[in-house]
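A short worksheet on the structure shown next.
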Amino acid sequence: MDDYTWKKTIRRRRIHRNRQVFGLVVLLIIAAIAGTAWYFYNQRHSPSYALKEIQTSIEKHDADTFRHYVNLDLLTSRAYDDLTADLFSYDATLTAATKASYEKFYIMVKPQLTSGTEDTIMRRVADGSWTMPEGTDILKGRQLGIDYERFLERTQMRHTSFVQFGKVERDGTTATAKMTIRDEDTQTEFTLELAMEQAADGHWQVTYIKNYRAYLDAVTPLHNNDIAQYIDSTKDIVAAYNEKFEAYKQRFTALASAGPGNFTPAQKQSLTALLQQEVIPALQERQQKLDAIDVPSGARYLASQRQQATAITIEAWQHFLQGISDDNPDEFAKAESLHKEALATDLRVDDIIRHTAVSRNIPNLP
């Protein structure tokens with residue numbers, strides 16, 4: 003073989019070898035890309051990824067992403083059942099027929115209440131605040147025959163904060179994730195078990211909370227004990243002023259018998275004096291005495307509801323006084339509306355007190 007032929011052969015071998023190396027490199031790159039793609043695909047279609055997306059969506063107020071990874075319909079439905087289970091079983095003031103009627107009613111209104119709760123949760127994710135469905139508890143609460151604000155309070159959602167996610171156990175297309183939470187009022191930590199399922203497109207969703215009832219059973223007695231202590235500390239103040247307000251009510255009824263718009267000058271003068279010099283100062287004085295009482299952490303909600311009822315009632319009477327002064331029917335209408343709102347708050351306070359009395363012997367009643 004001459005020198006030229008030898009060099010040509012060497013060059014062909016070198017080209018062939020380079021092509022082999024290049025092909026191997028290309029295959030390695032393709033394999034790396036495929037492996038990376040498969041890794042990220044698996045990551046994006048894992049329970050842990052879904053949990054991370056849920057946490058991020060709350061931090062970034064991304065409601066659409068939150069709903070994508072949380073099956074709110076099923077979650078709120080199961081939570082509702084946990085919350086309302088045995089709700090009236092231990093109330094000795096109710097007859098068996100009344101209990102059955104109440105239980106039937108809670109089943110009947112379940113779609114409205116779970117839908118309202120979904121709206122409340124989505125608003126919380128979207129803007130970080132707890133607001134009532136349609137902006138008022140009257141629409142979703144009293145119109146249904148119950149107080150939605152009080153119902154929401156019993157869920158403990160507004161007092162519960164996220165601590166961390168824990169172990170995730172996967173079993174095919176289902177999984178269970180641990181999530182540590184904290185009841186901010188009592189500083190009680192608890193580990194929830196989140197049931198998860200894989201959707202048809204591969205992404206995972208939180209579907210319900212396996213031990214939500216157990217969480218309620220753990221923190222509710224702590225709240226009930228604090229509320230009972232607060233009620234005992236304030237009962238003398240409340241009783242003393244209830245007597246005063248009952249006397250004021252009788253005097254007001256006698257003076258206002260003609261109805262707004264028909265008051266004589268003498269009636270206007272007497273009503274104004276009663277409200278400005280006695281009723282409003284008594285409301286303010288009572289609230290000052292209540293505010294001076296130490297409030298246990300688990301009773302903060304009850305204390306805040308009392309403050310709210312007092313503030314709304316005073317505002318209502320101020321509008322009533324303005325209506326008397328100006329003969330303005332709009333002011334009287336505003337006063338009436340505020341009085342209805344104050345009444346709803348007072349009924350909520352009464353419900354908490356009655357419920358706490360029932361729960362004293364049944365400490366885990368939510």
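First residue of the sequence shown: 3, per our numbering; consecutive thereafter.
C-beta atoms are modelled at their ideal positions from N, C-alpha and C, and glycine is treated no differently.
Bear in mind the structure is a predicted one, so any value in this text is a computation, not a measurement.
Query, Result
"From what residue to what residue does the beta strand (DSSP E) around S163 run?", "162-173"
"Once you ignore the five residues that flank H161 on each side, which residues in its own chain have a CB closer than 6 Å to its CB?", "D185, E186, D187"
"Cα separation between K112 and N264?", "45 Å"
"Kindly indicate which three-state DSSP category F68 falls into: helix, strand or coil?", "helix"
"Let me make sure I understand the geometry here. Which of Q166, E120, L292 has the alpha-carbon closest to that of A241?", "L292"
"I'd like the ranges of any alpha helix (DSSP H) spanning at least 4 consecutive residues and lying wholly in the region 233-279.", "267-276"
"Tell whether a beta-carbon distance below 8 Å holds between I369 and T119.", "Nothing can be reported for residue 369: it is not among the residues displayed for the chain, which extend from 3 to 368."
"Drop a sphere of 10 angstroms on the beta-carbon of S259, count the other beta-carbons inside from all chains shown, and report buried for 16 or more, exposed for fewer.", "exposed"
"Among S299, S327, H321, Q286, which has the Cα closest to the Cα of A311?", "Q286"
"Just curious, the beta strand (DSSP E) that K180 is in, first and last residue?", "176-185"
"Sort R156, L257, I314 by Cα distance to H341 and report the nearest one.", "I314"
"Where does M124 sit, in a helix, a strand or coil, going by DSSP?", "helix"
"Identify whether V281 lies in helix, strand or coil by the three-state DSSP scheme.", "helix"
"Between E55 and the rest of its own chain, which residues show a CB-CB distance below 7 Å, the 5 nearest in sequence each way excluded?", "T67, Y71"
"In whole angstroms, what separates the C-alpha of F107 from that of T100?", "10 Å"
"What are the boundary residues of the beta strand (DSSP E) that includes Q200?", "190-200"
"Among all the DSSP beta bridges, which residues are the ones paired with Y217?", "Y217 pairs with nothing; no bridge assigned."
"Would you mind working out which of G130, P135, V208, L154 sits nearest F167, comparing C-alpha positions?", "V208"
"Are the region 196-206 and the region 175-182 touching, with three or more C-beta to C-beta distances below 8 Å?", "yes"
"At the level of alpha carbons, what is the spacing between F164 and T182?", "7 Å"
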